[in-house]
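Since the structure comes first, as structure tokens, the remarks are kept for the end.
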Amino acid sequence: MAIGARRGRTPSRSSREIAEAAIALADRDGLSAVTMRAVAGDIGTGAASLYRYVSTRNELIDLMVEEVNGEFDLQAAATWSWVDHMLDLARQARGIYRRHPWMLEALDTTPALGGNGYAYLDHTLAVLAPTGADGRTKLEAVGVFTGLVRMLCKQEHEQRRAARAEAREDTALTVHLTAIASTGSYPHLAAALADNAPTDDQFDRILRRVITGLLLIDD
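If you're matching positions, the sequence shown starts at 4 in my numbering and goes up one per residue.
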């Protein structure tokens, strides 16, 4: 979809081209690196020219979030229960946050929804139809669920970042302990090292309990 110019000659850029350049920049250097000047440079135009396509940096971030929201696969297996559908969406969101960690920060400002965002919302409401909950309850459940997914992913991201920083300080010790544990002679050491890894089971278990609890229907 081309972005209409507000003045001057006909634009030669598209919203996707601009969004993809900004996303690549954020993936590489973080959201703070996304400026009008930097994105303009990456697409080969001047910062002043970029303002013909997007008015503000916030509008640019909205464009980025909308593009990334298009990464959700909303074609779920017909045999899944509604809970399995919701857990699949949560796992997809987790993958998106891992590919684009800056999304965790961008969503703090509640970007305006675009077509992909509305498609996701409509899909989740359709997934929850079998629960028999009314529309307001479903909307509340979606809001709490997606917020919890983001919170868990943000915690996971912070833990990974802290672990990387710590690893730079004690890589030699970690390698040494892992090598010792791998001999099989020290099972408790091996178990302790294994316990440091985050588990997918915990992610699923928390979300399963929350979404089913939110949509318990009183008789």
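Here a beta-carbon is modelled for each residue, glycine too, at the ideal position from N, C-alpha and C. Just so it is clear, the structure is predicted and the values come from calculations on it, not from any experiment.
Point to revise | Three-state secondary structure assigned by DSSP to SER58 | key: coil
Exercise for review: Evaluate ILE2 with the Cβ neighbour count: other Cβ atoms within 10 Å of its Cβ, from every protein chain shown; 16 or more gives buried, anything less gives exposed.
Suggested key: It is not possible to answer for residue 2, since the shown part of the chain is limited to 4 through 222.
For ALA93, the nearest candidate out of ARG208, ALA115 and ALA81 (CA to CA) = ARG208
**Q.** Test item: CB-CB of ALA22 and GLU70 under 7 Å
**A.** yes
Worksheet item: For the alpha helix (DSSP H) that contains LEU107, what are its first and last residues?
Response: 105-109
**Q.** contact_flag[the region 110-129, the region 34-49] where n(CB pairs < 8 Å) is 3 or more
**A.** no
Discussion item. Going by C-alpha to C-alpha distance, which of ASN72, VAL37, GLY44 and ALA81 sits closest to ARG60?
Written reply: VAL37
Residue interval of the alpha helix (DSSP H) (run including SER52):
50-53
| DSSP three-state call for SER17: helix, strand or coil? | strand
Between MET89 and ILE99, how many whole angstroms is the CB-CB distance? I'm expecting something under 8 Å.
Not confirmed; about 15 Å, so no contact.
Just tell me which of VAL86, GLU159 and GLY33 has its CA closest to the CA of ARG211. VAL86
Do LEU217 and VAL147 have their beta-carbon atoms positioned less than 7 Å apart in this structure? yes
Task: Secondary structure of TYR121, DSSP reduced to three states - done: helix
Report task. Please look up how many angstroms separate the CB atoms of PRO104 and ILE64, rounded, as I've assumed it's under 8 Å. Result -> Going by Cβ atoms, the distance from PRO104 to ILE64 rounds to 14 Å, so no, they are not a contact pair.
Exercise. Assuming ALA79 contacts ASP91 (C-beta within less than 8 Å), just tell me the rounded distance between them.
Key: 6 Å
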